[in-house]
Structures are given as C-alpha cells and as structure tokens.
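Participant: Residue numbers (my numbering), protein chains in the order written: chain F, 207 to 428; chain C, 591 to 978.
Right, I'll just put the structure down here and ask away after.
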Amino acid sequence: MMESLDQIKSRIEADVPGAKIEIVANGSPSQQDSLLIDNEHAVATARFLRVDPALRLDFCSNVTGVDWLDRVVKKTIKVKTVVEGVEKEVDQTTEEKIPGYLEAVYHLYSITHKHGPVIIRMRTADRAECARLPSLTPVWRSAEFQEREIFDLYGIHFEGHPDLRRILMWDEFEDHPMRKDYVQPDDFEWEPTPHDDVLARAKEHYPPRPQLDGAEQIAAPQ
Amino acid sequence: MNMTTETIEAMERPPVTMASRLEGELLEVSMGPQHPSTHGVFRMNVALEGEIVRKLKPVFGYLHRNHEQIGEHTSYLGSMPYTDRLDYFCSMSNNWAYALSVEKLAGIEVPERAEYLRVILAELTRLQNHASLLGFLLSDMGAWGTPLMYAFREREKILDLFESLSGSRMMCDYMRFGGCRLDASDEWLARAKQIVDRFPEFLDEFEELILGNEIVIGRTQNVGKISAELAINSGITGPMVRACGVNYDIRKVDGYGFYRRFKFRIPLGEHGDTYDRLMMRALEMHESVSILQQAFAQIQPGPVLNPKVKVRAFRPPVGEAYGRIEAPKGELGFYLISDGSPNPYRYRVRPPSFINLTILEDMCLGHTVADVMVILGSVDIVMGEVDR
C-alpha cells in the first residue's frame, strides 16, 4: 500500500531543502488529492519522487494543462455585532478575488511497485503570454510531447525542455486555443491569395465588353 | 598579378569526385503525410545518410480538431459519441474509458451485467484491433493484401456483432454512465460465443502463415529495439512496453471492471524489438479469447443501466478524476475537472498512441528507411487519436 499524501509531503520537505508542498483537496468521489509543488524546487522534487525506493514513481502517465481564469469567491461568515444594545448574529459576505493562473498537472504511477496515482501540479504566477514553469522532461521523458502540447495549446513555456515547439497547431499560429478566453478569429477561412489582385489586373487588361446586343438596356419589368 | 596566379591555381586543382562530395552529407526527406504506410496523415522529417536514418522528427496535427475544447463545450454525455472518433478502430474501449472516468468523478455504481458486457465488448475490440494491426504490419512489409484480408475476414464478424448490438459497426456509442445503452439478447451472446470459439482456429492459421515466415523474422528481429528503462521513462504503455519484458497491464494492476474475476496471463517479450511487439499482439489475442470464454460462462441476466443516473441535467460534484483502462493500444485515460456545471471544465484525453510515438526516433536511428515503416507499423497508431 502506498503511503498517504501527508507522509509523502513531509518526506519531500525533509529531503529537498526549501521545498514548499501543499496538498490540494479534491471534493469529488474519486478522492484523488494532489500535491502542489513549488516551481523553484520542482525538478528536485520530481527526481526525489522518481528515485525514492519506497515510491519509485517511474512512470509519468498523463501531463496536462488547466487554465483558471480570475475568480471571485464569495464567503459568508456569521459575525456577532451589537445592534441597539442587543447582540445579534449577522451574515457578512466577503469577496475574495483570486487572480487567474495556468496549471500543469502530472499523473505519476509506479511500474515497479504497481501503485499510484500520485498527482502533482505546478502553477504559474499569472496568465501572461510568457508564463513559465520548469520542465520535468529531464526527469520523465514521457512529458516531452505532452509539455509541447501544453506549450502549444496553453502557452506555458517550459524551461529546460529540449525541444519546445508547437506540436498540433502549425508554427505560424499565434494564439493558444485551449485557453478559456480564446476567441476564434472570424476571418479564419480567409487567406490572402493572388486571386483578387489577378482579377483586378485582368479587369484593367481587358477592355469593357462591347454592348452589341443591347440586352443591357432592357429594364426589368416593373 | 597575384589575382591571376590564384585563379590559375584554382583551375588546376583536380575536380572533386561525386563520392567525396556526398560523404558525411545528410539528405533530408519528408516522409508522408500522404503515404499508405503512415496509417493516416502523419509526417516524419527524416535525415538520411544513404539509406540509414540519422535523425527523425515526427510532425503531427494534420487531423487536429481540438477534440478537448469541443469536449469542454458540450455536456458530459455529449462527448460520448465523439470518443468513438478518437481511435476509430476501438470505439468500445474509448467509450469504456470515458464512462469509467465520469463514473469515478460522480461516484456511480455499475450493474454486474453491464460490467460483463463491457469486458466482452472490450476484449472483442482487442481481438479485432490486434488482428487487423498484424495485417497492416504485414502490408507495410510488402505482403500486400493477403494477410490483411485474412485479418479483415475475422474483423468483419466482430463488427457485425457490434452492429447488431449497437446499430453501428465502428461508431458504436454503446456505453453510458452507469452501464450500457442496450441489453444484449441471449441470441447475441450465443452468436458471439460461437465466433469467439472459432477464433483460435483463425489464430493458429494466421500465426502459421506469418509468424514463422522467414522474411517476417528477417525484417523484424533486432529491428527497433528499446530497453525496458527507456520504455518506462518515456511512458510507453500497452503491448509495446510488455514487449520489453515489463510486466504492466492495467487490467491486472487496477483491476477495473471485473478483470479480477478472470484468470488470464500477461504475455511478456524479452528483446523489445519489432518481432516481440508483433508476437505480443498474437499472444494477447489468445488471452482475450480465454477471458471472453470465462465471461460468457459467468454472465447472468440483470439490469444493464444504473437507474439512478440522471440523463438530463447531469452535474457531477465539483472536483476532478483521472480514469484509465488498458485499451488495445496502451493506457487510455480521461482526466476530467468538474466545476458543478453540465459541461466539464477540463476534458483531457491521454492518447496512448501519441505518447508511444515519443521514442519513435530512438527506435529508428541507425536503421534503413524500409525499417522505419515496419517500426512505425509496430507502434500501432491511429491518427484520430494522435492528433485529436
């Protein structure tokens, strides 16, 4: 049986000095909680997870990105206040603004011990065009194409990736289509061809068609 | 004065021969995207030294339609028919992987008969996928037509079964969250059993036809070798990783469905070369036949769909889930994040054949162009799943 996330967390923090690990709870019946690891010590943490003899998470199955937009979380707390000399409980609603970020999620399994998944995630500071995360491809090569896919579709730059290029979209494509605020260009099908120019030149080249039959002058019936 | 002597010297130099000029130079060839052996629209930029591959970069995206974004814009159930189009050879397995993930996300129980039907359909899918893969691989090697027709004759019988059960041969859209869409009649089960019982006959004939063939052995043994360490680190799954001798089958590890109730063995390779990958498929078909025969013996009448699952306004609780199955091509997983709305917030497909291509270059380096086709064939890719 695999150890709990709390144990893994404390062992990482003991082994990788300075690493800050947070457990992200998951409310779904799947009960797949995850570890939020800090970007600075991500590679060292990942290497520990892969090498540690009790864990041996040698198989990085799934790597994916998630886009979280700016959110406002409303919290209602009951506050005791004194109104006209009488103590009352009043609902007080506070709004907390959570700025958006991009996330990379890794699902790790162990082929040696046949356990898993241990889910680790990393978060960028913001949703800017050049949001950065450390690449875990040097630790697990299976992340190579999948991190390229995240770079392509979400626009996260993975530092230390050996070959970070677009993979599914073409190289000249500019936006990141999996972002939640992506808007499809409305002139998507249109592309400049010499066709219109050629037509314009052809118009100039040929004289206007002589009106031989007079059919142009026949007016449509009123 | 100086200028003229220099030009004369240059002219008097012996002419450069062809052989020395080409020495060490690489020829870049774009293989694909429209080529019968690339199994769809797939391109490889290959740098060749003579016939030998020195560099190989796969180019994807010709069939990309952003399946994941479409999944985020439709309801949970709305993506079910669309999963058929991922790996269009194995729509039943794709359905199961997606249904399994949503069932994990929402905590849905599946009735016993539905689990048995799922196992039966997934193993039938494995039979027809592996049989036709062997046919395609032989086609890539130059055995045009005949082995493929043998395989397709058997595949046709299984597709007929799918058609009579779900109404469609390839785009089955058969499973639902909490079970299956329709029940299988006793006649259907009897017919399926008959086809499965006769399958070993075909397997023996097919193996005699191809696997002992001198040309097949010559073209595949010691071609495209990978080590077990590299395979594990690169996330290779399915028959490809087992060909390297790595004992990892999700049917055994996770025991999803009712796979813990069946007795079956996991064939393992030794060398990790193309021949072992080919053999894996043949041996796995024998095990699938055994699982199917046990399932036909064990299946009992009962409901096939959990009646508590809402069809309209289906909203899983907030959270996330990753579910995976052993699809014929490897580990097929779905990662879903729910924000409590009718659409998934994040819908991710973990495509096995896309990730299995990570080490295509490592397998091909040092081999000839003709071997690249055979190696690619043994990876077993379907572009609908690779490009999504």
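No residue lacks a Cβ here, since even glycine has one placed at the ideal position from N, Cα and C.
Source: prediction; values computed, not measured.
With a threshold of 7 Å between beta-carbons, can residue 790 (chain C) be considered close to chain F, or not?
Facilitator: Not closer than 7 Å to any Cβ of chain F, the Cβ of residue 790 (chain C) fails to qualify, so no.
Participant: Work out the CA separation of residue 620 (chain C) and residue 931 (chain C) for me, nearest whole Å.
Facilitator: Spanning the two alpha carbons is a distance of roughly 45 Å.
Participant: Look at the alpha carbon of residue 771 (chain C) and the alpha carbon of residue 798 (chain C), and state the distance between them as a whole number of angstroms.
Facilitator: So the alpha carbons of these two residues sit roughly 39 Å apart.
Participant: Hey, how far is the Cα of residue 878 (chain C) from the Cα of residue 720 (chain C)?
Facilitator: If I take the Cα positions, the gap works out to 11 Å.
Participant: I think residue 924 (chain C) touches residue 691 (chain C), with their Cβ atoms under 8 Å apart; what is that distance to the nearest whole Å?
Facilitator: So it is a contact: roughly 4 Å between Cβ atoms.
Participant: By the 10 Å Cβ neighbour count, where 16 or more other Cβ atoms means buried, how is residue 663 (chain C) classified, buried or exposed?
Facilitator: That one is exposed.
Participant: Taking Cβ positions, are residue 894 (chain C) and residue 687 (chain C) nearer each other than 7 Å?
Facilitator: Not in contact: residue 894 (chain C) and residue 687 (chain C) (Cβ atoms no closer than 7 Å).
Participant: Enumerate, from N- to C-terminal direction, the unbroken beta strand (DSSP E) stretches of 3 or more residues contained entirely within the segment 266–317 of chain F.
Facilitator: Taking only runs of at least 3 residues, the beta strand (DSSP E) segments lying wholly in the segment 266–317 of chain F are 277–289, 292–304, 307–316.
Participant: Can you name the residues that DSSP bridges to residue 648 (chain C)?
Facilitator: Beta-bridge pairing links residue 648 (chain C) to C:634.
Participant: Which residue wins for smallest C-alpha separation from residue 922 (chain C), given the options C:929, C:849, C:913?
Facilitator: When each option's Cα is compared against that of residue 922 (chain C), the closest is C:913.
Participant: To be precise: take each residue of the segment 945–959 of chain C, compare its Cβ to all Cβ atoms of chain F, and keep it if any distance is under 9 Å. Which residues remain?
Facilitator: Listed in sequence order: 945, 947, 948, 949.
Participant: The segment 683–694 of chain C: which residues have C-beta closer than 8 Å to a C-beta of chain F, in chain order?
Facilitator: Residues passing the 8 Å Cβ filter: 694.
Participant: Decide if the segment 347–354 of chain F is in contact with the segment 256–272 of chain F; the criterion is three or more beta carbon pairs, one per stretch, under 8 Å apart.
Facilitator: Cβ pair count under 8 Å is three or more, so yes.
Participant: Step through the CB atoms of chain F and report whether any lies within less than 7 Å of the CB of residue 811 (chain C).
Facilitator: No, residue 811 (chain C) lies away from the interface with chain F (no Cβ there is under 7 Å from its Cβ).
Participant: Enumerate in chain order the residues of its own chain whose CB-to-CB distance from residue 367 (chain F) is below 6 Å, with the five nearest sequence positions on each side excluded.
Facilitator: The residues are 341, 343, 353.
Participant: Just to check, is the beta-carbon of residue 212 (chain F) closer than 6 Å to a non-hydrogen atom of the ligand SAM?
Facilitator: The ligand SAM is not among the ligands present in this structure, which contains no ligands whatsoever.
Participant: Whole angstroms are fine: how far does the CA of residue 948 (chain C) sit from the CA of residue 655 (chain C)?
Facilitator: About 21 Å.
Participant: Does DSSP put residue 885 (chain C) in a helix, a strand or coil?
Facilitator: Helix at residue 885 (chain C).
Participant: Out of C:889, C:696, C:835, state which residue places its alpha-carbon closest to the alpha-carbon of residue 776 (chain C).
Facilitator: Comparing Cα-Cα distances from residue 776 (chain C) to each of C:889, C:696, C:835, the minimum goes to C:889.
Participant: As an exercise, report each continuous beta strand (DSSP E) stretch of at least 3 residues that is fully enclosed by the segment 317–404 of chain F, in chain order.
Facilitator: Runs found: 321–329, 338–340, 363–365.
Participant: If you measure from the beta carbon of residue 973 (chain C) to each beta carbon in chain F, is any gap under 7 Å?
Facilitator: With 7 Å as the cut-off, residue 973 (chain C) does not count as an interface residue toward chain F.
Participant: Since residue 631 (chain C) and residue 623 (chain C) are thought to touch, with beta carbons under 8 Å apart, how far apart are those beta carbons, to the nearest angstrom?
Facilitator: Contact holds; Cβ gap of about 4 Å.
Participant: Using a Cβ cut-off of 8 Å, pull out every chain F residue sitting near residue 977 (chain C), in sequence order please.
Facilitator: Within chain F, the residues near residue 977 (chain C) are 374.
Participant: So with Cβ pairs under 7 Å, would you call residue 209 (chain F) a contact of chain C?
Facilitator: Taking Cβ atoms only, chain C never reaches closer than 7 Å to residue 209 (chain F), which makes this a no.
Participant: How do the segment 358–374 of chain F and the segment 840–847 of chain C stand: do at least 3 beta-carbon pairs fall below 8 Å, yes or no?
Facilitator: No, because fewer than three Cβ pairs between the segment 358–374 of chain F and the segment 840–847 of chain C fall closer than 8 Å, the two stretches do not touch.
Participant: Please report how far the alpha carbon of residue 726 (chain C) lies from the alpha carbon of residue 738 (chain C), in whole angstroms.
Facilitator: Computed Cα separation, rounded: 6 Å.
Participant: When the Cβ atoms of the segment 942–962 of chain C are set against those of the segment 284–291 of chain F, are three or more pairs found closer than 8 Å?
Facilitator: Touching, no.
Participant: Using DSSP's beta-bridge definition, name the partner residues of residue 911 (chain C).
Facilitator: According to DSSP, which records beta bridges pairwise, residue 911 (chain C) is partnered with C:926.
Participant: Does any residue of chain F have a CB that is nearer than 7 Å to the CB of residue 651 (chain C)?
Facilitator: At least one chain F Cβ lies under 7 Å of residue 651 (chain C).
Participant: Okay, do the segment 228–237 of chain F and the segment 692–700 of chain C touch, 3+ Cβ pairs below 8 Å being the bar?
Facilitator: Judged by Cβ distances under 8 Å, the segment 228–237 of chain F makes contact with the segment 692–700 of chain C, as three or more pairs qualify.
Participant: Quick one: what's got a C-beta closer than 8 Å to residue 753 (chain C)'s C-beta in the same chain, skipping five residues either side?
Facilitator: Hits under 8 Å: 759.
Participant: Cα separation between residue 659 (chain C) and residue 653 (chain C)?
Facilitator: Each residue's alpha carbon lies about 15 Å from the other.
Participant: Since residue 700 (chain C) meets chain F, which of its residues come closer than 7 Å, beta carbon to beta carbon?
Facilitator: In chain order: nothing, as chain F lies at least about 14 Å away.
Participant: Considering Cα atoms alone, identify which of F:402, F:259, F:230, F:320 is closest to residue 836 (chain C).
Facilitator: Nearest of F:402, F:259, F:230, F:320 to residue 836 (chain C), Cα basis: F:320.
Participant: Which bits of chain C does residue 264 (chain F) rub up against, with CB to CB less than 8 Å?
Facilitator: Those within 8 Å of residue 264 (chain F) in chain C are 822, 823.
Participant: Give the straight-line distance between the Cα atoms of residue 295 (chain F) and residue 283 (chain F), rounded to the nearest whole angstrom.
Facilitator: Roughly 10 Å separates the two Cα atoms.
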